[in-house]
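Visitor:
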Amino acid sequence: MEFDSELAGKLAQARALLARCQRVAAFSGAGLSAESGLSTFRDPDPDSLWSRFDPTELASVAGFEANPEGVIDWYNWRRRAHAGVQPNAAHRALASQPRMIQITQNVDNLLEQAGVASQQVYHLHGSILHDRCHNPGCTHRVAVELEAPSTSRACPRCGERMRPAVVWFGENLPQATWNRAQHLCMQLDCLLVVGTSATVYPAAGLIALARQHDSRVIVIDPSTGAAGEQADVYLAGQAGEVLPALLDGFDLASNP
Ligand code: NAD
Ligand code: ZN
Numbered sequence: 425m426e427f428d429s430e431l432a433g434k435l436a437q438a439r440a441l442l443a444r445c446q447r448v449a450a451f452s453g454a455g456l457s458a459e460s461g462l463s464t465f466r467d468p469d470p471d472s473l474w475s476r477f478d479p480t481e482l483a484s485v486a487g488f489e490a491n492p493e494g495v496i497d498w499y500n501w502r503r504r505a506h507a508g509v510q511p512n513a514a515h516r517a518l519a520s521q522p523r524m525i526q527i528t529q530n531v532d533n534l535l536e537q538a539g540v541a542s543q544q545v546y547h548l549h550g551s552i553l554h555d556r557c558h559n560p561g562c563t564h565r566v567a568v569e570l571e572a573p574s575t576s577r578a579c580p581r582c583g584e585r586m587r588p589a590v591v592w593f594g595e596n597l598p599q600a601t602w603n604r605a606q607h608l609c610m611q612l613d614c615l616l617v618v619g620t621s622a623t624v625y626p627a628a629g630l631i632a633l634a635r636q637h638d639s640r641v642i643v644i645d646p647s648t649g650a651a652g653e654q655a656d657v658y659l660a661g662q663a664g665e666v667l668p669a670l671l672d673g674f675d676l677a678s679n680p
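Under this note's numbering, the first residue of the sequence shown carries the number 425, and numbering increases by one thereafter.
Structural data, given as structure tokens:
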């Protein structure tokens with residue numbers, strides 16, 4: 425891959441920074457999976473999910489309770505888009521660092537498909553590959569068939585409605601995973617931020633948390649955004665092109 429001279433210079437700067445780091449973790453968003461063909465949420469791109477649908481209607485508890493069938497249909501449409509999707513060069517580059525923790529806002533499993541061990545991936549926003557019971561007191565959870573996901577149905581254990589096992593606007597993040605992510609970000613030398621607009625809180629707050637604890641921040645995203653503004657080194661490019669060049673030859677670890 426040939427980069428223009430500005431990006432090549434920044435890449436050299438980022439690699440020099442990584443070479444001095446003991447503890448590195450990645451924090452990714454929808455941009456990581458964009459080159460696999462999955463839509464991001466906030467791109468100006470007319471194909472982007474939120475430019476076509478209202479997230480407050482589709483990805484919130486109130487939206488689900490008002491129109492459960494509509495919300496489930498929308499997720500099932502997204503699920504069919506996930507069926508057969510493959511990891512891209514960015515997922516593979518991250519997977520080439522098996523000792524590095526992957527904190528992700530993505531609800532796909534492309535990091536795992538690329539070979540990252542599941543315990544190394546902290547999914548802050550749940551999984552679109554699973555359904556769970558909407559009753560907070562019930563733990564029933566099942567894998568869904570992406571090509572032929574079930575329509576609206578009742579939980580076989582408690583009778584409440586089943587729903588996608590993702591975190592909606594206004595819901596808490598999975599507590600144990602969120603605690604581990606925060607704890608990790610307080611100990612890093614560098615956080616690699618990949619393909620996130622850094623606008624969805626509390627997840628986006630991890631970047632500031634890491635910085636407050638003296639971590640450096642490298643951002644890989646074609647548009648600057650809220651993440652780029654917090655970068656020590658900002659790499660303006662596609663994750664699938666930049667990450668392989670950035671990580672080549674390293675064996676980075678989050679907990680050496
Ligand atoms: P976002 O849509 O808000 O931002 C995506 C970012 O990715 C943008 O900054 C964009 O410039 C960047 N981007 C686009 N193409 C890129 C590429 N090839 N390489 C690098 N960066 C690229 O996404 P977000 O910040 O993750 O938003 C948060 C919510 O979106 C999360 O809750 C997440 O669950 C959800 N989401 C997940 C998926 C998925 O799991 N694949 C897909 C869409 C949305
Ligand atoms: Zn139940």
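For each residue, glycine too, the CB sits at the ideal point set by N, CA and C.
Computed from a prediction, not measured in an experiment: that's the story for all the values here.
When DSSP labels each residue in this structure, what does D638 get in the three-state scheme?
Guide: coil
Visitor: Mapping DSSP to helix, strand and coil, what is F465?
Guide: coil
Visitor: Which stretch, first to last residue, makes up the alpha helix (DSSP H) that contains D478?
Guide: Looking at the DSSP string, D478 is not in any alpha helix (DSSP H), and its letter there is neither H nor E.
Visitor: Hey, A605 and L548 are a contact pair by Cβ (cut 8 Å); roughly how many whole angstroms apart?
Guide: With 8 Å as the limit, A605 and L548 qualify as a contact, their Cβ atoms being about 6 Å apart.
Visitor: Compute the minimum distance between the beta carbon of A517 and the heavy atoms of ligand 1, and state whether it is under 7 Å.
Guide: no
Visitor: Measure the Cβ-Cβ separation of F450 and L616 and say whether it is below 8 Å.
Guide: According to the sequence displayed, residue 450 carries Ala and not Phe. Yes, they are a contact pair.
Visitor: Strictly closer than 6 Å from CB to any heavy atom of ligand 2: give me those residues in the order they appear in the chain.
Guide: C557, N559, C562, H564, C579, R581, C582 and E584
Visitor: Bridge partners for A449 per DSSP, in chain order?
Guide: I525 and L615
Visitor: Mind checking whether I525 and Q537 have CB atoms under 8 Å apart?
Guide: No, the pair does not count as a contact, with Cβ atoms beyond the cut-off.
Visitor: Give a yes or no on whether 8 Å exceeds the smallest Cβ distance from Q654 to chain D.
Guide: Here there is only one protein chain, and chain D is not present.
Visitor: Any heavy atom of ligand 1 closer than 7 Å to the beta-carbon of V641?
Guide: no
Visitor: Any heavy atom of ligand 1 within a distance shorter than 7 Å of the CB on L542?
Guide: Here residue 542 turns out to be Ser, not Leu, going by the sequence shown. Not so, every heavy atom of ligand 1 lies at least 7 Å from the Cβ.
Visitor: A622: beta carbon under 7 Å from a heavy atom of ligand 1?
Guide: yes
Visitor: Once the 5 residues before and after A514 are set aside, which same chain residues still bring their CB inside 6 Å of it?
Guide: L456, A663, G664 and L667
Visitor: For V525, verify whether its CB is less than 7 Å away from any heavy atom of ligand 1.
Guide: Before going further, note that residue 525 is Ile rather than Val in the sequence given. Checking every heavy atom of ligand 1 against the Cβ of I525, none is found closer than 7 Å.
Visitor: For G453, which of P588, V618 and G494 has the nearest alpha-carbon?
Guide: V618
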